[in-house]
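The sequence shown begins at 1 in full-length UniProt numbering and counts up by one. Accompanying notes for the structure given below.
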Amino acid sequence: MNRNKQTPSRESVTTIAQDGSRNFLRPADVRGKYTLLRRISAILLILIYVSLPWIPINGYPAVFLDIADRRFHLFGLTLAAEDLWILFFFITGLGFLLFLVTSLFGRIWCGWACPQTVFLEHVFRRVERWIEGPAKKQKELDAMEWCPEKVTKRLLKHGIYIILAGMIAHLFLSYFITVDILFSWLSEGPASHPRAFVFMLFMTGVLYFNFSWFREQLCLIICPYGRLQSALIDDDSVVIGYDEIRGEPRGRKKRARKAPESSEADQIFQEGDCIDCHRCVSVCPTGIDIRQGLQMECIGCSNCVDACNEVMDKIGRPRGLVRYDSLNGLSGKKHKIIRPRLFLYFALMSFGIAAFAISVTHVKPGNLGVSRMTGTPFFVSDGSIRNQFNLRLINKRNQPATFSVEAVSEQEGLSTAGFEGSITVAPMQEIVRPYVILLPKEKYDGPFPLTIQVNGQPGDFTVSREVEFLGPDPRLLREDMELQFGGDS
Ligand code: SF4
Ligand code: SF4
1 MNRNKQTPSR
11 ESVTTIAQDG
21 SRNFLRPADV
31 RGKYTLLRRI
41 SAILLILIYV
51 SLPWIPINGY
61 PAVFLDIADR
71 RFHLFGLTLA
81 AEDLWILFFF
91 ITGLGFLLFL
101 VTSLFGRIWC
111 GWACPQTVFL
121 EHVFRRVERW
131 IEGPAKKQKE
141 LDAMEWCPEK
151 VTKRLLKHGI
161 YIILAGMIAH
171 LFLSYFITVD
181 ILFSWLSEGP
191 ASHPRAFVFM
201 LFMTGVLYFN
211 FSWFREQLCL
221 IICPYGRLQS
231 ALIDDDSVVI
241 GYDEIRGEPR
251 GRKKRARKAP
261 ESSEADQIFQ
271 EGDCIDCHRC
281 VSVCPTGIDI
291 RQGLQMECIG
301 CSNCVDACNE
311 VMDKIGRPRG
321 LVRYDSLNGL
331 SGKKHKIIRP
341 RLFLYFALMS
351 FGIAAFAISV
361 THVKPGNLGV
371 SRMTGTPFFV
381 SDGSIRNQFN
391 LRLINKRNQP
401 ATFSVEAVSE
411 QEGLSTAGFE
421 GSITVAPMQE
431 IVRPYVILLP
441 KEKYDGPFPL
451 TIQVNGQPGD
461 FTVSREVEFL
471 GPDPRLLRED
481 MELQFGGDS
């Protein structure tokens, strides 16, 4: 597979061989402080991802995106489709939080929390290492002719990959239909829910393709975040970098095993601490050489930090030749944490979160939709002018709600028909009915505004919509009435 294997350079992508074929990476395993912390954080994130559809809050899963009924349940908050505008503020706040974090700590999201990295590095690659062994053995297996051992290992690995991809796809679906419905659909079989079955097959296929073959290409080719990096970070952002001052000139050296702190050892290393062992390159999941500086391909996974620390321990030199530091820190300059752009990102993030929090408190448990009936905008008959509307009363909560409807206006003489008394709407349901507003002809002096108001319980809320009461030209109406009145006399 590794035909035309290339040395990482800033001019080309390591994962594309010189003949244009894919150079499939087999990153070496690494141990160390950051690897351990990342594994703990990955396990926690996977637990959260798996458990959210199972945890009930206010009668619904903690996260339930009920697209079929256009209701979205988020940690006890229920939003109807018409309330989704408030998520704009939330997403804006999160976006600026990501800007702030990136500006402070580079691509920490990619290396520590992105689902692509979490599942690839901590699930799929673990399975691969368990079945095929470390990177060296994997490369040997790649180069091996097809034989019973290779067929068995590949079948086992890809079989487990397909099962894992299927499990992730089903878990993903449970966010949209709930776990209970997922299990009931599974027990009823694919023939009862063919569309869901096809969707699951497609999702499983996409996930399997991504985690078994596409892998780091998603970060390099598809994800826009890596490209944003250069705009979001500056020389004071903490990134993963190589200390060139300390490391260069690089090269293989004698070990200072016996007396690492001695002057002899200092002499040995006066050329630079990097022994050019390429260990930092061999563990990199995107195939780059961090010693060439910060690159778009770096996902900030910290593998190279742990790998180089391991090497430094072995050769008796201080850790941190590759480390978390700012570009200024790595080049020996003063490092500033507080910068103007942080205030800007913080202010924008706070605005988004505050606007979201305020909007949430204004979300009403019910809603009202008003539309004028199609056809003639008004009718004149039996001494009255009639305007007809369709009213949609929506109960957004998971308990029955009662509504009372009234038409509010300064105009005297209005009467209504269609929503007398209080109306009960079942949980998460809506009622659509005609609502007629009448005005005696003699009281009409031209179009006027009026408010259709709904008072709802529980929650004691009011929702209103402004409409206009329409009728014929008042002069024609008067003439008509005079004629009629004269004729009667
Ligand atoms: S792991 Fe450290 S010593 Fe080895 S090549 Fe990389 S930077 Fe140099
Ligand atoms: S350069 Fe280091 S931090 Fe960046 S992706 Fe490679 S191993 Fe991870």
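We treat Cβ as the ideally placed atom computed from N, Cα and C, and that holds for glycine.
Item, Value
"Ligand 1 heavy atom lying under 7 Å from the CB of G247", "yes"
"Where I299 sits in the DSSP three-state scheme", "coil"
"Integer-rounded CB distance, given that A401 should sit under 8 Å from G366", "6 Å"
"Same chain, Cβ closer than 7 Å to V281, five either side skipped, listed in chain order", "P8, D289"
"Pairwise C-alpha distance: W54 and Y175", "9 Å"
"Span separating the alpha-carbon of C298 from that of M349", "26 Å"
"Where the alpha helix (DSSP H) containing I181 begins and where it ends", "179 to 188"
"Under the three-state DSSP convention, the category N398 falls into", "coil"
"Through-space distance from I338 to Y345, alpha-carbon basis", "12 Å"
"R71, buried or exposed, once every other Cβ within 10 Å from all chains shown has been counted against 16", "buried"
"Helix, strand or coil at H73 [DSSP, three-state]", "strand"
"G418 to V436 span [Cα, whole Å]", "6 Å"
"Sequence-distant residues of the same chain with beta carbon closer than 8 Å to R341, five excluded per side", "S103, D234"
"C-alpha gap between T416 and N387, whole angstroms", "10 Å"
"Sub-8 Å separation of K441 and G383 beta-carbons", "yes"
"Cα-Cα separation, L450 to E468", "6 Å"
"Residue closest to F389, alpha-carbon to alpha-carbon, out of S409, V425, P434", "P434"
"Cβ-based neighbour list, M1, same chain, cut-off 6 Å, excluding 5 preceding and 5 following", "Since pLDDT at M1 reaches only 43, below the 50 mark, its modelled position is unreliable, and the value read off the structure follows with that caveat. Contacts found: F24, D142."
"Local conformation of T286 per DSSP, three classes", "coil"
"Residue from K333, R126, A28, I452 whose Cα sits closest to the Cα of I245", "K333"
"Between the CA atoms of C301 and P115 - distance to the nearest angstrom", "13 Å"
"N- and C-terminal bounds of the beta strand (DSSP E) containing N455", "448 to 457"
"Residue range of the unbroken alpha helix (DSSP H) whose run includes L218", "Unbroken run through L218: none, as it is neither H nor E."
"Inter-residue spacing [alpha-carbon to alpha-carbon] between G166 and L201", "8 Å"
"Beta-carbon proximity check, T15 vs E216, cutoff 8 Å", "yes"
"Coil, strand or helix - P148 by DSSP", "helix"
"Residue environment, P447, which counts as buried when at least 16 other CB atoms sit within 10 Å", "exposed"
"R126 - containing alpha helix (DSSP H), residue span", "125 to 132"
"Nearest-angstrom Cβ-Cβ length linking L164 and F124, presumed shorter than 8 Å", "7 Å"
"With 16 other Cβ atoms within 10 Å as the buried cut-off, status of G226", "buried"
"C-alpha gap between Q399 and G456, whole angstroms", "12 Å"
"For D142, the three-state DSSP class (helix, strand or coil)", "helix"
"Contact check, residue 525 vs S326, beta carbons under 8 Å", "Because the chain here runs from 1 to 489, residue 525 falls outside it and cannot be looked at."
"Per DSSP, the bridge partner or partners of T416", "I437"
"6 Å CB neighbourhood of V405 in its chain, flanking five on each side removed", "F419, V454"
"Identity of the residues DSSP links to R465 by a beta bridge", "I452"
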